[in-house]
Structure formats: C-alpha cells, structure tokens
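One structure is given here, and the rest of the page talks about it.
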Amino acid sequence: MAGRLLPSHRRELDRMGPMSEQQNTAGQWIQVAAGLKNPSMRRLLGAVLSGQGAPEPASKSERKDLERWASIGLLRHDGSGWALDDELLEKTLASASAAKANRSGIRRFFDGHRLQSLPAKPADRHEVVLYLRNAVIGDGEELREEQLNERLRVFHPDVALLRRYMVDHGLLQRAADGTGYRMGTVS
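Residue numbers 1027 to 1213, in the numbering used here, belong to the letters of the sequence shown in order.
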C-alpha cells in the first residue's frame, strides 16, 4: 500500500496542486534563465535593456536570438526597435500575489502535497501535524513503524521528525514495545 492516503485527503491534496498559469509563468522564467546562460543572447538583451538597442542591421544569429527573446515574452519589437515587454513581468508579479493570497491556513506550508517547512508557531505546527496524522492513519488503525514512515514520506522526507511531533503532540500513541502506532487521544 505504498503512499496510501485516505480518500478525503487525496481530494484536498488535488485541490492544493499548482495552478497551470503559475506553471506557465515558471516555464517562461526557465527559458529566460536558459537565454541568459547563452552569451550572445545575454549581450543582446543587455544592449536592449541599457538603451543601446539591438545592432542594426542584425546578423542572422542576432535576429534569431532577438526572436527567441520575443517568443519567451521578455522583448517585443515595435516600429522603432526592440524593447522590454512588461507583460511577463506583470504576469509574474500578479501570479505571485495570487499564489500568496491562495495560500492561507496550513496550505502556506505546503507546495502541492509536499510539506515545505514545519511552522515555528506551536499552534500552526499542531494544525499541520494533525492534518498529516489524519491523512495517514484512520481511527482504529494500527501501523507498524515502516508503514507509518512510508505514508509520511509522501509528504516529507524527514519522517522521524514528523513521527516525533505527532507523538509529542499526543496525536499518535506508540505501542509500549515500540512496534506500532495508533491514533492518539488529542485532536
């Protein structure tokens, strides 16, 4: 039962997934980074952004590089020459703002279904750990440590830390002989 989650939590994780607009913008920025890695593309972009403009007449390779910047969405050609296309920058800022607004409650600690960081505030940490506990173990279910680790690994690689927090918060009870875990009395 690798990576088994309760159905209600699978639906929640699906809702927490990344938005396609954010993925598209991220893809464009990956292309920008690739363009910046290319010395000739970097020189051309620098010339346009500094106000020097693209060389006239542009060589075949320079035209190709300028067209690549345009296809990425960072430059545009108007009647007077090449200029910065603000649309990608505006889209990036709007996307970041929307993503921040959509990440409230415990969602702000997750990227999709992966836990990015445990909250520093005890109340927030309890809420996140409670969510994880409810996602990996059901009422009346008892799991061996390996089973629990397998389920927790879906969310975060440091399963020992998550287990320890769950036990410390009273969310999980460890069997006296240390062989298994079941739901604790705290919720």
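Glycine included, every Cβ here is placed at the ideal spot set by N, Cα and C.
Are residue i and residue j closer than 8 Å when you measure CB to CB?
i: G1138; j: L1114; result: no
i: E1172; j: G1206; result: no
i: F1181; j: R1140; result: yes
i: L1174; j: V1162; result: yes
i: E1109; j: L1092; result: The question names Glu, but residue 1109 is Ala in the sequence shown. No, Cβ-Cβ distance for A1109 and L1092 is not below 8 Å.
Expressed to the nearest angstrom, what Euclidean distance is found between the alpha-carbon atoms of residue i and residue j?
i: G1204; j: Y1157; result: 23 Å
i: W1095; j: M1192; result: 50 Å
i: R1102; j: L1071; result: 11 Å
i: A1097; j: L1075; result: According to the sequence displayed, residue 1097 carries Ser and not Ala. Rounded to whole angstroms, S1097 to L1075 spans 17 Å at the Cα level.
i: G1061; j: A1149; result: 45 Å
i: S1213; j: R1177; result: 19 Å
i: R1200; j: E1153; result: 20 Å
i: E1082; j: K1117; result: 31 Å
i: I1056; j: K1063; result: 11 Å
Helix, strand or coil for residue i per DSSP?
i: D1150; result: helix
i: E1176; result: helix
i: G1196; result: coil
i: L1115; result: helix
i: E1167; result: coil
i: L1144; result: coil
i: F1136; result: strand
Round the Cβ separation of residue i and residue j to the nearest angstrom and send it over; I've been treating them as touching at under 8 Å.
i: R1159; j: L1197; result: 4 Å
Looking at residue i and the ligand MN, is the gap between the Cβ and the nearest heavy atom below 7 Å?
i: D1203; result: As presented, the structure is devoid of all ligands, the ligand MN included, so that no description of it is given.
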